[in-house]
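As structure tokens, the structure follows; a few thoughts come after it.
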Amino acid sequence: MKKNSLYKWTLEKAGHKKASWFLGFISFIESSVFPVPPDIILIPMVLAKREKVISYISICTIGSVLGAILGYIIGAVLYESVGVFIIESYNLGNKFNIFKDYYIKYGVWLILLGGFTPFPYKLITIASGVFMLNFPLFILMSIISRGIRFTAVASLLWYFGPQVKQIIENHFGKYTFTFFFFLVLSYALIKFI
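Rendered as structure tokens:
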């Protein structure tokens, strides 16, 4: 692939008429089972069609909250089968037990913090079900935290879009390598530490 062709391909796909459905789907599964955040799709979509930023924020937030509900159900009803499998597949079993003490003490705050940060939100959604956090409160905190996160990312891209787009076009290879390096490093740290 020649320079910037992956970036151009990503922007083309982000502008596809079905891209919004894919964004919603990734937002949904990321909150319960999938390790890749929707930001990877959200960023090129906002850069490709800045005028649709509100729509993209809404799609990410709604998809993520619906996925969080699935994570809650997995924790509340299917923890022994599906929940344990998901947690163990990320090698978070021991951390989950330590996390339990913090969750019981700071549950609502963990939802707010975890929904806004790159922390694996699926761990929080499943834990919320396992520990039977008040369901309406869980939904409210998920809407707030995920809404703030996606609004912040998309708004910054909307506001600084042309400058960000130019920087990405000039240095896409370096940013892609750096992103995947940190993605693999994060996975390794979670899995093996």
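Position 54, counted from 1, in the sequence shown is what the numbering used here calls 70; the numbers after and before it change by one each time, with no gaps. Where is the CB? At the ideal position from N, CA and C, for every residue including glycine. These numbers were taken from a predicted model, which means no experiment stands behind them.
For residue i, does the three-state DSSP call read helix, strand or coil?
i: residue 94; result: coil
i: residue 17; result: Bear in mind that the predicted position of residue 17 carries a pLDDT of just 45, short of 50, making it unreliable; the figure below should be weighed with that in mind. Correct three-state label for residue 17: coil.
i: residue 77; result: helix
i: residue 110; result: helix
i: residue 134; result: coil
i: residue 163; result: helix
i: residue 172; result: helix
i: residue 69; result: helix
i: residue 123; result: helix
i: residue 149; result: coil
Between the C-alpha atoms of residue i and residue j, what's the straight-line distance to the nearest angstrom?
i: residue 95; j: residue 160; result: 25 angstroms
i: residue 92; j: residue 57; result: 30 angstroms
i: residue 34; j: residue 121; result: 42 angstroms
i: residue 168; j: residue 78; result: 15 angstroms
i: residue 36; j: residue 62; result: 11 angstroms
Just tell me which of the options has its CA closest to the CA of residue i.
i: residue 155; options: 41, 40, 47; result: 47
i: residue 147; options: 137, 116, 166; result: 116
i: residue 44; options: 82, 174, 101; result: 82
i: residue 153; options: 125, 97, 173; result: 125
For the alpha helix (DSSP H) holding residue i, just list the boundary residues, first then last.
i: residue 47; result: Residue 47 -> no alpha helix (DSSP H), and no H or E assigned at all.
i: residue 61; result: 55-64
i: residue 138; result: 137-146
i: residue 4; result: In this structure the chain extends from 17 to 209, so residue 4 is not present and cannot be described.
Do residue j and residue i have their beta-carbon atoms positioned less than 8 angstroms apart in this structure?
i: residue 166; j: residue 73; result: yes
i: residue 64; j: residue 137; result: no
i: residue 75; j: residue 39; result: yes
i: residue 127; j: residue 144; result: yes
i: residue 142; j: residue 90; result: yes
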